[in-house]
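Take a look at the structure set out below.
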Amino acid sequence: MNLRVEVIEYLEYCTFRKSLSKNTMKAYRIDLRQFLEFVAGTTEPGKRQIEAYITDLHKQYQQRTIKRKLASIKAFYTYLEEEERIRENPFRKIRIKFKEKKTLPRIIPRKEIEQMLRSMYRTKPEGARRKTWLRDLSVVELCFATGARVGEISRIGAGNVNLDTGVIRIMGKGGRERDIHIGSESVLSLLRTYYEANREAIRRSGSFFVSQRGNRFSEQSIRLMMKKYAKQAGIERTITPHMFRHSFATYLIEAGADISYVKELLGHSSIRTTQIYIHLAAHKKAEILRELHPRNQMNIGPAA
């Protein structure tokens, strides 16, 4: 068996038969290329070599990254087994346990979201720069209004935004679509103003958010834009699009939104993924009680 040829055929299968996303395919290519380099010269790597590779991964990467890389290789071997390209799947004899450190998602304090938006609204340039300013402001407002991933915001098509009803169709992971309604009239009004100012560029590009060159406004450009406006607003922490997503979910749950509703808004395939925001909201509530409860301001003295 030529392992390199098998990997090429598998990647084609994932691209055309399974219709996996570009980001997933990029990760598969990287993970499988690294595995091929480690087992170079071996026709059919067995349990011992794979165990050695797992050990090598532990020397270089964090648990979460290792978990993803091994998932890519396991999926490849499952494919080989199902296609009867291998006699035995070595992963069936390998037991892998992970003890990942659980970290709460980073959110943006409400006052800093307000600080950043207020600073952006005050900028209000004239002339040609106004179109760019409207786009940047619309992107930030939409990130907070929808909780969408940065890639989902970047890929919103010109035909996926209904400015009459305020419904935006988001293309999520695995090709799953979801509709999100803009709940703020001021945000919807801003989107209409942005669209009118950039109508021709949007029509030509086919993307709702357009770069100065007339192309899709990329994920990296959105990240850099947010960093610039956060600094301009005097915010010291680094603000990222994903922090707006975490903030969106946490503040909704804190306000009493049902977790299943938040799950649908975020486009999670499993409610287990959404449950972390319950813990985050509880953590915030405890923090509020520590800081604001009147008992902590009373000087009564120690117990006898």
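Position one of the sequence shown corresponds to residue 315 (the numbering used here), numbered consecutively onward.
The C-beta atom is built at its ideal place from N, Cα and C for all residues, glycine as well.
Look up residue i in the DSSP assignment and say whether it is helix, strand or coil.
i    : result
R432 : helix
D493 : strand
M485 : strand
N403 : coil
G465 : helix
Y565 : helix
R551 : coil
E398 : coil
I421 : coil
M540 : helix
H593 : helix
M557 : helix
Q376 : coil
A385 : helix
A354 : coil
S452 : helix
D572 : coil
E365 : helix
S498 : coil
E440 : coil
R506 : helix
K577 : helix
S584 : coil
K411 : coil
Kindly identify the DSSP beta-bridge partner or partners of residue i.
i    : result
G471 : S521
R604 : Answer by DSSP bridge pairing: none, since R604 is not bridged.
R530 : V524
N476 : V481
Between the options, which lies nearest to residue i when the distance is taken from Cα to Cα?
i    : options                : result
I592 : D572, E440, G581       : D572
T507 : Y393, L451, V576, G488 : L451
Q475 : I516, V464, R424, K438 : Reading the sequence as shown, one finds Val at residue 475 and not Gln. Answer by Cα proximity: I516.
L580 : K336, R492, R432       : R492
L502 : N512, L477, R483, Q526 : L477
F352 : Y342, N337, L371       : L371
R432 : Y509, Y543, C328, A596 : Y543
G489 : H582, T479, R444, E358 : H582
F458 : K438, P423, A442, L594 : P423
I408 : P359, I344, E365       : E365
V524 : L334, W447, F405       : W447
H556 : K487, M485, I421, I585 : I421
S561 : T369, T588, Q546       : T588
A622 : I549, A596, I585, E578 : The question about residue 622 has no answer, for the chain in this structure spans 315 to 618.
S521 : G465, F390, K332, L334 : G465
Y393 : K332, G441, M539, K487 : K332
P359 : Y391, Q546, K545       : Y391
G471 : S532, M434, L504       : S532
M539 : R604, E455, T479       : E455
R444 : E510, G480, S468, E499 : E510
N316 : T329, A341, R343, A354 : A354
V453 : I549, L504, E396       : L504
M434 : I549, A563, E605, R604 : I549
Below 8 angstroms on the Cβ atoms is my guess for residue i versus residue j; work out the distance and round it to an integer in Å.
i    : j    : result
M430 : I553 : 7 angstroms
G528 : S535 : Not confirmed; about 13 angstroms, so no contact.
T356 : Q348 : Actually they do not touch by this definition, with Cβ atoms about 14 angstroms apart.
L346 : I410 : Contact flag wrong, Cβ pair sits at about 18 angstroms.
L350 : R318 : 6 angstroms
L594 : P419 : 6 angstroms
E320 : R406 : Actually they are not in contact, since the Cβ atoms of E320 and R406 sit about 18 angstroms apart, beyond 8 angstroms.
I585 : K577 : 5 angstroms
T460 : I427 : Actually they do not touch by this definition, with Cβ atoms about 14 angstroms apart.
Mind pulling the beta strand (DSSP E) runs of 3 or more residues that sit fully within the segment 317-352?
-> As summarised for the segment 317-352, there are no continuous beta strand (DSSP E) elements at least 3 residues long confined to that stretch.
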